[in-house]
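Below is one structure, written out as structure tokens; comments come after it.
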Amino acid sequence: MAKDGSTAAADGTTAGSGDIARSLELLWGGGERPSRGPKPGLTLDRIVTAAVAVADA
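Read in the working numbering, the sequence shown has 96 at position 45, and its numbers run on one by one without any break.
See the structure below:
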């Protein structure tokens, strides 16, 4: 592990050195939805509601 907390992968890429805001946007769908195509089956609200229900069970 490097001093900055990142780790190098076998292919030479470095984990933990990316743009966190961009990563979160990609993971949580922060961008605008396209006007065409199927509606996403899961939304952040549905995921959070399910997670709270599981935690409360």
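From the three backbone atoms N, C-alpha and C, an ideal C-beta is built for every residue, glycine too.
Under a three-way DSSP split, which group does residue i fall into?
i	result
Asp70	coil
Thr94	coil
Glu76	helix
Ala108	coil
Could you tell me which of the options sits nearest to residue i, measuring between CA atoms?
i	options	result
Leu93	Ala101, Glu76, Ser86	Ala101
How big is the Cα-Cα spacing for residue i and residue j?
i	j	result
Gly80	Ser68	21 Å
Gly77	Leu95	Here residue 77 is Leu; the residue named in the question, Gly, does not match the sequence. So the two alpha carbons sit approximately 12 Å from each other.
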